[in-house]
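Residue numbers (our numbering), protein chains in the order written: chain A, 669 to 1152; chain B, 10 to 468.
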């Protein structure tokens, strides 16, 4: 990528809104006028477009722009924050003064503002300037292909919905430590739902694929509109045969890919350093301790090319990294933002993220996954007499204090005598993070990253993430079905 | 901050957008403008942890070119921003396939000049200083931390307030605007348990008026009580048993059910309620109502987000399913009339029009909540939801649960890391007792109720 691409963010804000280094300096000065340890500015310009197909008609379309600036002042452990969607100098100065109020009572020495220095960095995703400018016509064709593929699976497929979403988020971060950084973060997402009807029995299948890429992401592999349409329709049709999910504490085989949601919920959130700094997490004060089976090595890596969870820089202007969380079962590190890194006297790990300019950043995951082990995936399934095999998931959540987590299956099957048999109805799995990870008894050699449309929620803020897992056997998780 | 006073009349702005859309040939147009101001004070362990303020506005234009329609939005309300917005709608709509059901509402529009006395706006809410809000938060946190020595930490207490001004103008003559406020206080504290586990207890109160929030001390104590009650919680054996739903858990059942009753899902064929209208789908004691005109209700609105008159809907009456919630588009597709449940999504959802319940309630019964528990020989008192698996199409429901075990009619030890599961149709049909203790939780009001049999999955 050339230098001129990399500065596209700065150029956009300069040309369109007159926001340059001088203006940033001015605002940082206002923000720290009354004191404070640190201040930063986060400018965001966000465009998105969505087309949806229902009942064989692409009749819903939307597009739009949101924009604004968030100004943060940190004084000790306290944050002052203000945002506005107006880039006029008066509006922004007023926001800076509001954010500054947090430090009003401080008697700290004169805060330092270092001269801004533009920093270039890595580029983990292609940025095509024209993506949202071009006509919507090629998008329609993609949606029609999803629909045709789904309907071709069986006459019982009565409804197909599909939706295509494109987004481009341009950011500039300027900090009182002299950091000036920009990034353009693209995203495409294609999702499909099919409903199969047999008599009074209705069943649905749903899946989605997303990446930081252009439309060419959907050109090959299991991400083509045909593959996606077929897979959701096939699952809907197969679900007519679904049996009640079992109830009880059972061995669970997690298929490679989507099952990374286990890590996201069971350990990922609990390792976000804000929770640990405040000793709210069940992982607080446990660095260096055994928190998982020695088969488990878990990382959070924001640098994988094109992954939805990848970021060149975080929303505090720090380069993302490949951060080791758990090594052979031992807890090695947390995910940090500026505040928690200062608390622990560590460098920020590039995990300070926010939903948009209206919110201050927090430590958040990027792509969280387990490194591969040595087992053959088929052998893992063969080792289970009675259990379940989970292929895809719809959602999950965790209570970071107790470590109790749940995640909900979408596509799952019974395992009987070492063989994958009947599909089961959707069900929740519930467990406790460290307990479940200590029960990992086999790890496959087939690590796979999920390119699903994952959105992670924390304290009312949602950010895109990715996750991954090799095939894994957990010798007991509570399966929340209805058949005892 | 000065709020919205420097913005000129929002009805004029919206009307101007509608007028502009006529230029390039829109046959109909609608502009929805919302300005929002929010602020938040967070206190943790006696110290102010965060003070934040946000102001934003969005203009959403729906432009119809015959049956072709595009929804476009912008935060840029300058003449150039609005001109670009209109061009964007033209660019997008011309590729879209005509939809015979597309169009502005043709049913009964709300009369925006009528003041339905909904009590949505608190004049004093933004007059309160951040210090006043911080004081409320501190009082709640002090009460929570002082409730029991086993409360060892605090996640913090957050006080939030918001003000919205919502304006809608369309090319068929609708023009209206209203102000609404909302505020909340949420407390979360921690008790240390064995095995590095911590137990968090949360409680919150929300209202349109600051003076209508519950007492902060009471909210704090309730959060603390909910943490303490989980100490020592563990899974129980897998079994089927009666489940008594505390209102804090029951609130979600109403939420799931209202989703399944969305007219959009009816048209998409993705709800298990398809084809069940006028049929008995719940026990005869069950009635579920959605009332958009409830005074002071957090879901109340004088007109919906396309200008229709919101109407109360008795979704279930005496166990019989009366019908779906509609906006005008889904109503037209289904051959029905809108009941005024159009709602705009949020930014992530492109502010698209969809179906939104307003104030949901499960109509209270005549049973004392204690009696509902004391009749249970062995069962679960379900107090806190911990994650949802819901299949709208089949009604399969599996919920992470925290609660207390009932033995011979008495609440005994705490349980966690379990699920309760069933199918929503079976569950609604098995509600065998409803309490006389409605609790208002946000826009949902629900009493204690009991489901005679569910599968509880544990160890």
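We put the beta carbon where it would ideally sit given N, CA and C, even for glycine.
Does the ligand SAH have a heavy atom nearer than 6 angstroms to the CB of residue i?
i: residue 730(A); result: The model on display carries no ligand, and the ligand SAH is accordingly not part of it.
Going along chain B in order, which residues have a C-beta closer than 8 angstroms to the C-beta of residue i?
i: residue 950(A); result: 205, 206 and 207
i: residue 827(A); result: 277, 278 and 279
Here's a check: name, in chain order, each residue in its chain whose Cβ is nearer than 8 angstroms to the Cβ of residue i, leaving out the five neighbours to either side.
i: residue 1130(A); result: 1023, 1123 and 1124
i: residue 96(B); result: 33
i: residue 240(B); result: 159, 200, 202, 208 and 423
Hey, quick one: how far does the beta strand (DSSP E) through residue i stretch, first residue to last?
i: residue 201(B); result: 184-201
i: residue 734(A); result: 725-743
i: residue 28(B); result: From DSSP, residue 28(B) is part of no beta strand (DSSP E) but of the alpha helix (DSSP H) over 19-31.
i: residue 1124(A); result: 1123-1126
i: residue 38(B); result: 37-53
Can you pull the chain A residues whose beta carbon is under 7 angstroms from the beta carbon of residue i, in chain order?
i: residue 105(B); result: 726, 727 and 729
i: residue 408(B); result: 1096
i: residue 144(B); result: The contacting residues do not exist; residue 144(B) stays about 15 angstroms from chain A at best.
So, does the CB of residue i fall closer than 7 angstroms to a CB anywhere in chain A?
i: residue 247(B); result: yes
i: residue 271(B); result: no
i: residue 101(B); result: yes
i: residue 13(B); result: Any reading at residue 13(B) needs caution, since the residue's pLDDT is 37, under 50, leaving its predicted position unreliable; the model's value is listed next. It does not: the Cβ of residue 13(B) has no partner Cβ on chain A nearer than 7 angstroms.
i: residue 82(B); result: yes
i: residue 336(B); result: no
i: residue 34(B); result: no
i: residue 395(B); result: yes
i: residue 289(B); result: no
i: residue 136(B); result: no
i: residue 452(B); result: no
i: residue 26(B); result: no
With distances taken between CB atoms, is the gap from residue i to residue j smaller than 7 angstroms?
i: residue 425(B); j: residue 250(B); result: no
i: residue 457(B); j: residue 467(B); result: no
i: residue 229(B); j: residue 196(B); result: yes
i: residue 996(A); j: residue 969(A); result: no
i: residue 152(B); j: residue 226(B); result: yes
i: residue 279(B); j: residue 727(A); result: no
i: residue 910(A); j: residue 1091(A); result: yes
i: residue 852(A); j: residue 838(A); result: yes
i: residue 300(B); j: residue 368(B); result: yes
i: residue 841(A); j: residue 985(A); result: yes
i: residue 160(B); j: residue 203(B); result: no
i: residue 455(B); j: residue 304(B); result: no
Kindly list the residues whose CB is nearer than 7 angstroms to the CB of residue i, restricted to its own chain and excluding five residues on each side of it in sequence; keep chain order.
i: residue 1043(A); result: 1110, 1111, 1112 and 1113
i: residue 939(A); result: 951, 993, 1002 and 1003
i: residue 1094(A); result: 1076, 1077 and 1078
i: residue 414(B); result: 245, 389, 421, 422 and 424
Could you give the first and the last residue of the continuous alpha helix (DSSP H) run that contains residue i?
i: residue 905(A); result: 893-906
i: residue 755(A); result: Run containing residue 755(A): none; DSSP gives neither H nor E here.
i: residue 806(A); result: 805-819
i: residue 204(B); result: Per DSSP, residue 204(B) belongs to no alpha helix (DSSP H) and is neither H nor E.
i: residue 56(B); result: Element bounds for residue 56(B): not the alpha helix (DSSP H) but the beta strand (DSSP E), 56-74.
i: residue 631(A); result: No answer is possible for residue 631(A): the residues shown for chain A start at 669 and end at 1152.
i: residue 990(A); result: Counting along the chain, residue 990(A) falls outside any alpha helix (DSSP H), though it belongs to the beta strand (DSSP E) covering 990-995.
i: residue 685(A); result: 676-685
Give me the chain B residues within the contact set of residue i, using Cβ-Cβ distance strictly less than 9 angstroms, ordered along the chain.
i: residue 863(A); result: 277, 278, 279 and 402
i: residue 749(A); result: 49, 59, 60, 61, 62 and 63
i: residue 1028(A); result: 59 and 61
i: residue 735(A); result: 83, 84 and 85
Would a check of beta-carbon distances place residue i closer than 7 angstroms to chain B?
i: residue 944(A); result: no
i: residue 1143(A); result: no
i: residue 1100(A); result: yes
i: residue 947(A); result: yes
i: residue 1149(A); result: yes
Kindly list the residues whose CB is nearer than 6 angstroms to the CB of residue i, restricted to its own chain and excluding five residues on each side of it in sequence; keep chain order.
i: residue 61(B); result: 49
What does residue i reach in chain A if we use C-beta pairs closer than 9 angstroms?
i: residue 500(B); result: Since the first residue shown for chain B is 10 and the last is 468, residue 500(B) is missing from the structure and cannot be characterised.
i: residue 427(B); result: 1098, 1146 and 1148
Going along chain B in order, which residues have a C-beta closer than 7 angstroms to the C-beta of residue i?
i: residue 927(A); result: Going along chain B, no residue has its Cβ under 7 angstroms from residue 927(A), so there is no contact; the nearest lies around 15 angstroms.
i: residue 995(A); result: In chain order: nothing, as chain B lies at least about 19 angstroms away.
i: residue 770(A); result: 60
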